[in-house]
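Peer 1: I have a structure here, written as structure tokens, and I will follow up with some questions on it.
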Amino acid sequence: MDPYVLKTLNEERRGRRAAVLVTDLGDGRDRIVREGDHVAGDLGAAIANAFRTGNSRSVEAEGRTFFLNAHLPRPRLVVIGAVHISQALAPMARIAGYPVEIIDPRTAFATPERFPDVALHAEWPQDVLERAPLDSYTALAAVTHDPKIDDFALKAALDARCFYVGALGSRKTHAKRVERLLALGAGADQIARINAPIGLDIGAASPAEIAVAVLAQTIHAFRSRGLEAKGAVA
Amino acid sequence: MDESIYLDEARDPLIIAEGWMKDGKDVAIATVVETWGSAPRPVGSHLVIDAEGNFHGSVSGGCVEGAVVTEAIDVIDSGKARMLEFGVADETAWQVGLSCGGRIKVYVERLG
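As you go down the protein sequences, you meet chains A and B in turn.
In this text, residue positions in the first sequence follow numbering that gives the first Met the number 0: the first is 0, and each later residue adds one.
In this text, residue positions in the second sequence follow numbering that gives the first Met the number 0: the first is 0, and each later residue adds one.
This is the structure we're talking about:
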């Protein structure tokens, strides 16, 4: 392995950015491919698959054998709002492989009794997200219904290119939210990335069913995320 | 279940290999590149080895690490990468095997 390749790979992994290490098993030459980099042909298709699935494997392409080692950051789900939906969402998402963090400055809601075994922050999103910034391997679901709490986090999620951004509320509520986010400087293309009303349309009625719909939408967003060229990596 | 979303730098084989390199050590990296049947560690798993035989990480549940370390020291000396295969089907070629009945292919290369 090339020492510079190892150093670069570790930098990407430390920074929670996806990378595929491509090694030619014939001559041992290797290189790093970042998400969004264009690689032509069968090898490019195999690399795109490695980014989407996170699976590492050997592939035959151009008469050679390559080993593709997919290094994907662990996805996580940040939930704004320590509400009834979040109580159901946290354990389900954890089982599905998406560790959850819950942020809600309302100390009556954000209690360890209501949320055992969950990373819980009884603080404003501004303060928590400054310490642990959002990134493109983070999903954000805003479920407080309170613009004072949700709006900042939603704008931060759009700016950080979170792979999933969802916001609870009716179409009418969302229309007002869009006006506020536009006033905060969000672009129309960013607004279009918000999933609102939140969750896959499975006719969810109870808080737990809404949690299933949100988790399903998060998984779908993760498995179909950003395989198109993204331009410069932020 | 380990739920940290950040690298465990003290135990991550590739981070350790980079540290060894910075300390001026000769290092080999072993990677599981293929598995068949029941295999204890997934494709992409790493074992990193230095010239003294120190190692971190794993390519199996401890069944074949000893043999990989021996091979890795040769790879560090020669600079020539090797493909190793372990499993029940290869008893004649290898003294060690996977008791779980699976087979694995391990690529061993020198760093630098």
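Quick reminder that beta carbons are idealized off the backbone N, C-alpha and C, glycines included.
1) Suppose you measure from the CA of A/Arg-33 to the CA of B/Ile-14; what does that come to, to the nearest Å?
2) Closer than 8 Å between beta carbons: that is the criterion. Which residues of the stretch 83–114 of chain A meet it against chain B?
3) For a test of the three-state rule: what should DSSP assign to B/Glu-8, helix, strand or coil?
4) Can you find a C-beta in chain A that's less than 8 Å from the C-beta of B/Ile-4?
5) Measure how close the beta-carbons of B/Ala-16 and B/Val-47 come, nearest whole angstrom, since I'm counting them as under 8 Å.
6) Measuring only between beta-carbons, confirm whether A/Ala-233 sits less than 8 Å from chain B.
7) Check A/Ala-136 in the structure and name its three-state DSSP category.
8) Does any residue of chain B have a CB that is nearer than 8 Å to the CB of A/Asn-194?
9) Identify which residue in A/Ala-118, A/Ala-155, A/Ser-135 has its Cα closest to the Cα of A/Gln-125.
10) Entirely within the stretch 87–150 of chain A and at least 4 residues each: give me those alpha helix (DSSP H) ranges in chain order.
11) Compare the C-beta of B/Ile-14 with all C-beta atoms of chain A and state if any pair is closer than 8 Å.
12) Inspect the CB distances between the stretch 64–74 of chain A and the stretch 99–114 of chain A and report whether three or more fall short of 8 Å.
13) Give the residues from the stretch 3–33 of chain A that approach chain B closer than 8 Å (Cβ to any Cβ), ordered along the chain.
14) Look up A/Asn-68 in the DSSP assignment and say whether it is helix, strand or coil.
15) Would you check if there are 3 or more beta carbon pairs closer than 8 Å linking the stretch 52–66 of chain A to the stretch 18–33 of chain B?
16) With 8 Å set as the bound, which would you pick, yes or no: does the beta-carbon of A/Phe-66 sit closer than that to a beta-carbon of chain B?
17) Skipping 5 residues on each side, what residues in its chain have a beta carbon closer than 8 Å to that of A/Asp-46?
18) So, are the CB atoms of A/Asp-89 and A/Ile-218 less than 8 Å apart?
19) Taking just the CA atoms, how far does A/Tyr-3 sit from B/Gly-18?
20) Applying a beta-carbon distance threshold of less than 9 Å, which residues of chain A neighbour B/Thr-69?
21) Kindly say whether B/Gly-111, judged by its beta-carbon, lies nearer than 8 Å to any beta-carbon of chain A.
22) Between the stretch 132–146 of chain A and the stretch 159–179 of chain A, can you find at least three pairs of beta-carbon atoms closer than 8 Å?
Peer 2: To lay it out plainly:
1) Position 34 of the first sequence holds residue 33 of chain A. Position 15 of the second sequence holds residue 14 of chain B. Answer to the nearest angstrom: the Cα atoms are 19 Å apart.
2) Arg-93, Pro-98
3) As a first step, residue 8 of chain B must be located in the second sequence, where it is residue number 9. Assignment of B/Glu-8 by DSSP, reduced to helix, strand and coil, places it in the coil class.
4) What you label residue 4 of chain B is simply residue 5 of the second sequence in a count that begins at 1. Closer than 8 Å to some Cβ of chain A, the Cβ of B/Ile-4 qualifies, so yes.
5) In the second sequence, counting from the first residue as 1, residue 16 of chain B sits at position 17. In the second sequence, counting from the first residue as 1, residue 47 of chain B sits at position 48. Confirmed, about 4 Å.
6) Residue numbering aside, residue 233 of chain A sits at position 234 when the first sequence is read from its first letter. Unreliable positioning characterises A/Ala-233 in this predicted model, as indicated by a pLDDT of 32, which lies under 50. The coordinate reading is nonetheless provided below. Chain B contact via Cβ: absent.
7) As a first step, residue 136 of chain A must be located in the first sequence, where it is residue number 137. According to the sequence as given, residue 136 of chain A is Tyr; it is not Ala. Coil, per DSSP.
8) Counting from one through the first sequence, the residue named residue 194 of chain A turns up at place 195. False, the Cβ-Cβ gap to chain B never drops below 8 Å.
9) Here residue 125 of chain A refers to the residue found at position 126 of the first sequence. That would be A/Ala-155, whose Cα lies nearest to the Cα of A/Gln-125.
10) Here the runs fully enclosed are 124–130.
11) Here residue 14 of chain B refers to the residue found at position 15 of the second sequence. It does; some Cβ of chain A falls within 8 Å.
12) no
13) Leu-5, Lys-6, Leu-8, Asn-9, Arg-12, Arg-13, Arg-15, Thr-22, Leu-24, Gly-27
14) Mapped onto the first sequence, residue 68 of chain A falls at position 69. In the structure shown, A/Asn-68 sits in a strand (DSSP, three-state: E or B).
15) yes
16) Taking the first residue of the first sequence as position 1, residue 66 of chain A is located at position 67. Chain B contact via Cβ: present.
17) Along the first sequence, one-based indexing puts residue 46 of chain A at 47. Note that residue 46 of chain A is Ile in the sequence shown, not Asp. Excluding residues within five positions, the ones whose Cβ falls inside 8 Å are Val-19, Val-21, Val-32, Val-38, Leu-67.
18) The sequence position of residue 89 of chain A within the first sequence is 90, counting from 1. The sequence position of residue 218 of chain A within the first sequence is 219, counting from 1. For clarity, residue 89 of chain A is Ala in the given sequence; the question names Asp instead. Their beta carbons are not under 8 Å apart, which means A/Ala-89 does not touch A/Ile-218 by this criterion.
19) Start at 1 with the first residue of the second sequence, and residue 18 of chain B comes out as number 19. Start at 1 with the first residue of the first sequence, and residue 3 of chain A comes out as number 4. Approximately 13 Å between the Cα atoms of the pair.
20) Translated into positions along the second sequence, residue 69 of chain B becomes position 70. Those do not exist, as B/Thr-69 stays about 20 Å from chain A at its closest Cβ, beyond 9 Å.
21) Indexing the second sequence from 1 puts residue 111 of chain B at position 112. Closer than 8 Å: yes.
22) yes
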